[in-house]
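Accompanying notes for the structure given below.
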Amino acid sequence: MKISAVRGMRDILPEETPLWQHLEAEIRTAFGLYGFRELRTPLVEEAQLFSRGVGEATDVVHKEMYVFQDKKGLPLALRPEATASVVRAYIEHGLYAKGGLAKLYYLGPMFRYEKPQKGRSRQFHQYGVEALGSLDPALDAEVIDLSSYLMERLGLAREGLFLRVNSIGCKGDRVRYREALREHLEPRRDELCPDCQRRLSENPMRILDCKREGCQPAIRTAPRSIDHLCPDCRAHFQEVLSHLDLLGIQYELDHTLVRGLDYYTRTVFELCSRDLGAQDALLGGGRYDDLVELLGGPPTPGVGFAGGMERLVLVLQGQLKKTEKLDVYIVPVGQEREVWRTAAWAASRLRRAGLSADVEYLGRSVRKATQAAAQLARCALFLGPEELAQGQATLKDLSSGKTVPLPLEKLSSPDELHPFFEPEENGDVKGGCGGGQG
RNA sequence: GGGAGCGUAGCUCAAAGGCAGAGCACUGCGCUGUGGCCGCAGGGGUUGCGGGUUCGAGUCCCGUCGCUCCUCCCA
Numbered sequence: 005m006k007i008s009a010v011r012g013m014r015d016i017l018p019e020e021t022p023l024w025q026h027l028e029a030e031i032r033t034a035f036g037l038y039g040f041r042e043l044r045t046p047l048v049e050e051a052q053l054f055s056r057g058v059g060e061a062t063d064v065v066h067k068e069m070y071v072f073q074d075k076k077g078l079p080l081a082l083r084p085e086a087t088a089s090v091v092r093a094y095i096e097h098g099l100y101a102k103g104g105l106a107k108l109y110y111l112g113p114m115f116r117y118e119k120p121q122k123g124r125s126r127q128f129h130q131y132g133v134e135a136l137g138s139l140d141p142a143l144d145a146e147v148i149d150l151s152s153y154l155m156e157r158l159g160l161a162r163e164g165l166f167l168r169v170n171s172i173g174c175k176g177d178r179v180r181y182r183e184a185l186r187e188h189l190e191p192r193r194d195e196l197c198p199d200c201q202r203r204l205s206e207n208p209m210r211i212l213d214c215k216r217e218g219c220q221p222a223i224r225t226a227p228r229s230i231d232h233l234c235p236d237c238r239a240h241f242q243e244v245l246s247h248l249d250l251l252g253i254q255y256e257l258d259h260t261l262v263r264g265l266d267y268y269t270r271t272v273f274e275l276c277s278r279d280l281g282a283q284d285a286l287l288g289g290g291r292y293d294d295l296v297e298l299l300g301g302p303p304t305p306g307v308g309f310a311g312g313m314e315r316l317v318l319v320l321q322g323q324l325k326k327t328e329k330l331d332v333y334i335v336p337v338g339q340e341r342e343v344w345r346t347a348a349w350a351a352s353r354l355r356r357a358g359l360s361a362d363v364e365y366l367g368r369s370v371r372k373a374t375q376a377a378a379q380l381a382r383c384a385l386f387l388g389p390e391e392l393a394q395g396q397a398t399l400k401d402l403s404s405g406k407t408v409p410l411p412l413e414k415l416s417s418p419d420e421l422h423p424f425f426e427p428e429e430n431g432d433v434k435g436g437c438g439g440g441q442g
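Here it is in structure tokens:
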């Protein structure tokens, strides 16, 4: 039986992990600069957390969620997104009682049972932030600013990106807006695609982001959510936009941006790339002022976003990081047992001195092993009967080709060892291996 | 969920019903214990899997799994 990774879930191989680690480090740094602190929540939650929080009617919950029962029959779900988990933890640990604003971030795998394609898999990775406890529109703008700053840090050109913003109002606004949409669309039911006809009764707002040609005329003339905002929501949105202007962030108002999760209120936004295919959203988010209360906490507003790691990786493929080279690759010469034992010992000493080291365990010819060493390491350390007899090894700098004897006793003393590996100053033949990095 | 295309060596790909191949990579040798160039030789495959048609299937048919893309939805 041949076993392979399950559909839509893949291995991230050592060639790719340096890029992932780089992205993760940049994300953590950016989030930290904005005052967010990491919260790690379980990958598994009670299924009802998501059906209540994200919405029973959403595709994410009712079509795409991995649900199973534990041994006691409790319905569990692999998390399809993290906001609901963060809010659950916020309530469970009484973070609201600790005063102030809770600014939390996360990073990790999410699961949705979908048909895999470019930029979409069943296990994927999201990074995101949630700011809980303030209704200040400056915070909406800050979160958007953070997403923009993150892209700058990652070296994504502004021209390749576009930011779409909209406001869908509070609960009451949405009820009124939904009615207005129905009134507009019902007479045009025949123009709409079958999906949209179904949405007309279930969730008319989702018709707005239908991409079918036939639906466009009805969508273009449809009423806009920002015309149905209550005075508070209208003022809030204006403040958000004015803060974005202040921060110098370019955006386009998109009246068709509604997003697929039920908990969003007021501000919604999406940051998209021009370099991706059908799945072009790098990150998306917005405000969710009713979610904490909905999940049993005190009324607490929130705003945040989530981004997809895989999509970042796609956009940044060109920047693949090279794997870091080892400091030393040890090549035992010949078959003598004592030589090989000394090689293993030397590796252990080098590592304790803080130098990364590996040994030629495959027993290839010295020629082949040296070739391999040049791929893997900055220096090769040759160790054979001749060296052993003199109590030393031969250290070779693989970029300059220079060799120098390294007395074995130096291996026991990091202080004496390090000079051999420090970059040469003013070209002095000090020996060693720090030379040109090539 | 619906649609289209593709699965051949570790990788990139040939073979259009008739002996499964090339390049790169890998191993050895030229060069006996020191890389990058060059030359020679070698190892590698149940052609995704399972059926069927045929004297004969990588090739045609059916099924299945996987990948890619579109639709849908979203990160």
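Going by this note's numbering, the final residue of the first sequence carries number 442, and the count climbs one at a time with no gaps. Where is the CB? At the ideal position from N, CA and C, for every residue including glycine.
Cβ neighbour criterion (16 or more within 10 Å) applied to residue i
{"i": "Pro18", "result": "exposed"}
{"i": "Arg202", "result": "exposed"}
{"i": "Leu392", "result": "buried"}
{"i": "Glu364", "result": "buried"}
{"i": "Asp419", "result": "exposed"}
{"i": "Ser369", "result": "exposed"}
{"i": "Thr87", "result": "buried"}
{"i": "Val433", "result": "Residue confidence for Val433 is low, a pLDDT of 44 falling below 50, so the modelled location carries little weight and cannot support an answer."}
{"i": "Thr269", "result": "buried"}
{"i": "Gln323", "result": "exposed"}
Proximal residues to residue i (C-beta, below 6 Å), its chain only, five neighbours per side dropped
{"i": "Met219", "result": "Per the sequence presented here, residue 219 reads as Cys, with Met not at that position. Contacts found: Leu196, Cys197, Cys200."}
{"i": "Pro423", "result": "none"}
{"i": "Leu143", "result": "Ala135, Val307"}
Top-ranked residue by Cα proximity to residue i, from the options
{"i": "Leu111", "options": "Val71, Lys119, Lys414, Phe40", "result": "Phe40"}
{"i": "Val169", "options": "Val244, Asp236, Ser369", "result": "Val244"}
{"i": "Ser229", "options": "Ile172, Phe309, Arg210", "result": "Ile172"}
{"i": "Gly123", "options": "Ala239, Arg182, Val319, Gln242", "result": "Val319"}
{"i": "Met313", "options": "Gly264, Pro113, Met209, Asp279", "result": "Pro113"}
{"i": "Asp362", "options": "Lys372, Val337, Leu330, Val343", "result": "Leu330"}
{"i": "Val71", "options": "Ala86, Asp63, Glu50", "result": "Glu50"}
{"i": "Leu250", "options": "Ala285, Met209, Asp149", "result": "Asp149"}
{"i": "Ser443", "options": "Glu297, Val296, Ala161, Gln339", "result": "With the chain running from 5 to 442 in the structure shown, residue 443 is simply not present."}
{"i": "Leu412", "options": "Ala347, His129, Leu185, Ala222", "result": "Ala347"}
{"i": "Leu154", "options": "His26, Asp284, Val408", "result": "His26"}
{"i": "Glu118", "options": "Tyr100, Arg32, Tyr38, Arg11", "result": "Arg11"}
Beta-ladder partner(s) of residue i, from DSSP
{"i": "Lys451", "result": "This structure cannot speak to residue 451, because the chain is shown only from 5 to 442."}
{"i": "Gly112", "result": "Gln130"}
{"i": "Val363", "result": "Ile334"}
{"i": "Cys383", "result": "Val332, Asp401"}
{"i": "Glu49", "result": "Ala81"}
{"i": "Gly312", "result": "Gln130"}
{"i": "Gln396", "result": "Pro411"}
Which of helix, strand or coil DSSP assigns to residue i
{"i": "His97", "result": "coil"}
{"i": "Tyr333", "result": "strand"}
{"i": "Ala357", "result": "coil"}
{"i": "Phe273", "result": "strand"}
{"i": "Ser171", "result": "strand"}
{"i": "Leu3", "result": "Residue 3 lies beyond the stretch modelled for the chain, which goes from 5 to 442, so this question has no answer here."}
{"i": "Leu250", "result": "helix"}
{"i": "Gln121", "result": "strand"}
{"i": "Val90", "result": "helix"}
{"i": "Pro22", "result": "helix"}
{"i": "Phe425", "result": "helix"}
{"i": "Ala350", "result": "helix"}
{"i": "Gln339", "result": "coil"}
{"i": "Gly191", "result": "The sequence shown places Pro at residue 191, not Gly. Correct three-state label for Pro191: helix."}
{"i": "Arg41", "result": "strand"}
Other residues of its chain near residue i: CB distance less than 7 Å, five sequence neighbours each side excluded
{"i": "Ala384", "result": "Tyr333, Val335, Thr374, Ala377, Lys400, Leu402"}
{"i": "His66", "result": "Glu60"}
{"i": "Gly300", "result": "Ile95"}
{"i": "Gly98", "result": "none"}
{"i": "Gly440", "result": "Because the pLDDT of Gly440 is 44, which lies under 50, any placement of that residue in the model is unreliable, and the question is left without a value."}
{"i": "Leu185", "result": "Pro208, Met209, Ala226, Pro227"}
{"i": "Arg56", "result": "Leu298, Leu299"}
{"i": "Trp344", "result": "Pro336"}
Neighbourhood of residue i by C-beta, 8 Å cutoff - its chain only, sequence neighbours within 5 removed
{"i": "Cys529", "result": "Nothing about residue 529 can be read from this structure; the chain reaches only from 5 to 442."}
{"i": "Ile16", "result": "Trp24"}
{"i": "Leu316", "result": "Leu27, Leu158, Leu286"}
{"i": "His188", "result": "Ala222, Thr225, Ala226, Pro227"}
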